[in-house]
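The sequence shown runs 2 to 226 under my numbering.
Below is one structure, written out as structure tokens; the observations come after it.
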Amino acid sequence: MSWVTPVLRAVGLDWKSRGRRANLRTFRDLIACTNNFATMRWLGNPIWQNVLDLWTIQETLAEVRPALLIEGGTHRGGSALFYAHLFDLMNHGRIITVDIERIHDLKHPRIEAVTASVLDVVLVERLRREASRAQGAVMVILDDNHAAAHVRQEMEMYAPMVTPGSFLIVQDGLIDTLPGFGKPPGPLVAIREFLLTHAEFEVDRAKSERFPFTHHPSGWLRRRL
Numbered sequence: 002m003s004w005v006t007p008v009l010r011a012v013g014l015d016w017k018s019r020g021r022r023a024n025l026r027t028f029r030d031l032i033a034c035t036n037n038f039a040t041m042r043w044l045g046n047p048i049w050q051n052v053l054d055l056w057t058i059q060e061t062l063a064e065v066r067p068a069l070l071i072e073g074g075t076h077r078g079g080s081a082l083f084y085a086h087l088f089d090l091m092n093h094g095r096i097i098t099v100d101i102e103r104i105h106d107l108k109h110p111r112i113e114a115v116t117a118s119v120l121d122v123v124l125v126e127r128l129r130r131e132a133s134r135a136q137g138a139v140m141v142i143l144d145d146n147h148a149a150a151h152v153r154q155e156m157e158m159y160a161p162m163v164t165p166g167s168f169l170i171v172q173d174g175l176i177d178t179l180p181g182f183g184k185p186p187g188p189l190v191a192i193r194e195f196l197l198t199h200a201e202f203e204v205d206r207a208k209s210e211r212f213p214f215t216h217h218p219s220g221w222l223r224r225r226l
């Protein structure tokens, strides 16, 4: 994994000098010991998220107040339901969540669950129309297939839907920093390549480094105003 450090530096992270790699190893070991990832629930629904990242996402949703949130990767539906309940509290926003398989039973008036590949060109064109008609900000969260090539393609297809000042959140870059969370190369590689050709986006360091532990290093990409 000699490529890891150059990738981290390319997206502005130097985990060794900051001591964060040791922290992340500790975090990984705690998760392995307690199983506090696969067993996470939101009101009984599996959510498969780091609770610290969920808090940062909650803060981001409250700040941006998106009229439309597009989620790639529904999985068991817990995260979409979490976002919908936040939108209920704000009395604003709706969610379109997409997954290639349906293993959930989501029922909420703010959620539209679509069973399709996130890379399906017909779907993407439809989502672009939805984004263009949204009465407010549009945010995108990518949390499905984490292979670098797939994420890179997703970013190209979905980034144009994000409104200025809002976010493209690319999840689970931790795959590229620690063994045991997935098979690299993953999202961090895609983020690095994307930023080389998309100056309209920048990593929001305050959000990406909000807490000592995150599954989404450099994952909060803000579209410049």
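We treat Cβ as the ideally placed atom computed from N, Cα and C, and that holds for glycine.
None of the values given here were measured: they were computed from a predicted structure.
Span of the alpha helix (DSSP H) around Trp56: Val52 to Val65
Cutoff 6 angstroms; reference Thr116; Cβ partners in own chain excluding five residues on either side: Arg103
Residue from Gly137, Leu222, Val139 and Thr198 whose Cα sits closest to the Cα of Gln172: Leu222
Among Leu169, Met41, Val122 and Ile176, the one whose alpha carbon lies nearest that of Arg225: A check of alpha carbon separations from Arg225 across Leu169, Met41, Val122 and Ile176 identifies Leu169 as the nearest.
Terminal residues of the alpha helix (DSSP H) in which Leu143 lies: Premise fails: Leu143 lies in the beta strand (DSSP E), Val139 to Leu143, not in any alpha helix (DSSP H).
Under 9 angstroms between C-beta atoms of Leu197 and Val204: no
Nearest-angstrom Cα separation, counted from Arg127 out to Thr164: 17 angstroms
Outcome for Arg153 when other beta-carbon atoms lying within 10 angstroms are tallied against a minimum of 16: Counting Cβ neighbours within 10 Å, Arg153 comes out buried, since at least 16 surround it.
Nearest-angstrom Cα separation, counted from Ile97 out to Ala148: 22 angstroms
DSSP state of Pro47 mapped onto helix, strand, coil: strand
Among Glu64, Arg42 and Pro67, the one whose alpha carbon lies nearest that of Arg77: When only C-alpha atoms are compared, the closest one is Arg42.
His216 beta carbon less than 9 angstroms from that of Gly174: yes
Collapsed DSSP secondary structure at Leu222 in the structure displayed: strand
Inside the region 82–163 only - beta strand (DSSP E) runs reaching at least 3 residues: 95–100, 112–116 and 139–143
Close Cβ partners of Phe202 (< 6 angstroms) along its chain, the five nearest in sequence each way excluded: Leu222 and Arg224
Three-way DSSP call (helix, strand, coil) for Arg206 in this model: helix
DSSP state of Arg77 mapped onto helix, strand, coil: It is coil, neither helix nor strand.
CB contact flag (Leu69, Gly137, <9 angstroms): Going by C-beta atoms, Leu69 is nearer than 9 angstroms to Gly137.
Start-to-end residues for the beta strand (DSSP E) that takes in Ile170: Phe168 to Val171
For Ile71, the residue or residues it bridges with in DSSP: Ile97 and Val141
Residues near Leu53 by beta carbon distance below 7 angstroms, same chain, minus five either side: Cβ neighbours of Leu53 beyond the five flanking positions: Phe212, Phe214 and Thr215.
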